[in-house]
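*Asks:* Numbering (the numbering used here), first residue to last: 1190 to 1328.
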Ligand code: CMP
């Protein structure tokens, strides 16, 4: 199986609720290696840059407002089949539709404030990790 990287973002709602420790513990229990880790308070423009693929969609403005309202914790995660595995651990985008035990079911409030992000492909995993971390941080 291929070793992949995926980007985890612990979003402002989960940081505000004090769930950073619980989510990072889950990351490690699920067998992911933390290649890089940082806390950052995104500017509105940085949030728009990260979610540029969603520009023009009805939820884009609210999404960028939310993602820049407080600090986030970003982590570059690595393991076999990391992209698919992390998406299984976090659950469906809408917490109401997420399987029990998933991070979004446990800590998400709604489709906008859904606690965590995960990359949706191996290529995006690499691109998204590079948005937050320098090559030196990931080496
Ligand atoms: P995320 O996986 O970080 O990627 C895009 C985000 O847009 C998604 O999580 C949701 O939090 C957010 N979002 C808000 N509203 C919607 C919606 N109606 N459909 C999909 N994503 C949405």
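A virtual CB, placed ideally from N, CA and C, is assigned to each residue, including glycine.
Predicted model only: the values in this text are computed from it and were never measured.
What three-state label does DSSP hand residue 1290 in the structure shown?
*Replies:* Position 101 of the chain shown holds residue 1290. Of the three classes helix, strand and coil, the one that applies to residue 1290 here is coil, per DSSP.
*Asks:* Can you grab the Cα-Cα spacing for the pair residue 1225 / residue 1296, in whole Å?
*Replies:* Here the question's residue 1225 lines up with position 36 in the chain shown. Here the question's residue 1296 lines up with position 107 in the chain shown. For residue 1225 and residue 1296, the distance between alpha carbons rounds to 23 Å.
*Asks:* Reducing DSSP to helix, strand and coil, say where residue 1307 ends up.
*Replies:* Counting from 1 along the chain shown, the entry for residue 1307 is found at position 118. Looking at residue 1307 - three-state DSSP - the assignment turns out to be strand.
*Asks:* Quick one, which of 1285, 1270, 1193, 1199 has its alpha-carbon nearest residue 1259's?
*Replies:* What you label residue 1259 is simply residue 70 of the chain shown in a count that begins at 1. Here the closest residue by C-alpha is 1199.
*Asks:* Would residue 1291 pass as a contact of residue 1280 if the rule is Cβ separation under 9 Å?
*Replies:* Locating residue 1291 in the chain shown gives position 102, where the first residue counts as 1. Locating residue 1280 in the chain shown gives position 91, where the first residue counts as 1. Result yes, Cβ atoms of residue 1291 and residue 1280 sit closer than 9 Å.
*Asks:* Just to confirm my understanding: we take residue 1273, look at its own chain, exclude 5 residues before and 5 after, and list those with CB closer than 6 Å. What are they?
*Replies:* By 1-based counting over the chain shown, the position of residue 1273 is 84. Excluding positions up to five away in sequence, the list is empty.
*Asks:* In the DSSP assignment, the alpha helix (DSSP H) including residue 1227 goes from what residue to what residue?
*Replies:* Along the chain shown, read from residue 1 onward, the residue named residue 1227 stands at position 38. No alpha helix (DSSP H) contains residue 1227, which is instead part of the beta strand (DSSP E) from 1222-1229.
*Asks:* Could you check which residue in 1191, 1305, 1245 has the C-alpha nearest to that of residue 1206?
*Replies:* Position 17 of the chain shown, counting from 1, holds the residue named residue 1206. The residue with the shortest Cα to Cα distance from residue 1206 is 1305.
*Asks:* Considering only heavy atoms of the ligand CMP, does any lie closer than 8 Å to the CB of residue 1307?
*Replies:* Within the chain shown, residue 1307 is the residue found at index 118, counting from 1. Indeed, a heavy atom of the ligand CMP lies less than 8 Å from the Cβ.
*Asks:* Just checking residue 1247 against the ligand CMP - is the residue's beta carbon closer than 8 Å to any of the ligand's heavy atoms?
*Replies:* The residue you call residue 1247 lines up with position 58 of the chain shown. Yes, the ligand CMP has a heavy atom inside 8 Å of this Cβ.
*Asks:* Taking residue 1242 as part of the beta strand (DSSP E), name the residues at either end of that continuous run.
*Replies:* Stepping through the chain shown from its first residue, residue 1242 is reached at position 53. From DSSP, residue 1242 is part of no beta strand (DSSP E); its letter is neither H nor E.
*Asks:* Excluding the 5 residues flanking residue 1294 on each side, which residues of the same chain have their C-beta closer than 6 Å to its C-beta?
*Replies:* Counting from one through the chain shown, the residue named residue 1294 turns up at place 105. Only 1280, 1284, 1287 meet the Cβ criterion.
*Asks:* Does any heavy atom of the ligand CMP sit closer than 8 Å to the C-beta of residue 1296?
*Replies:* Taking the first residue of the chain shown as position 1, residue 1296 is located at position 107. Residue 1296: no, Cβ never under 8 Å from the ligand CMP.
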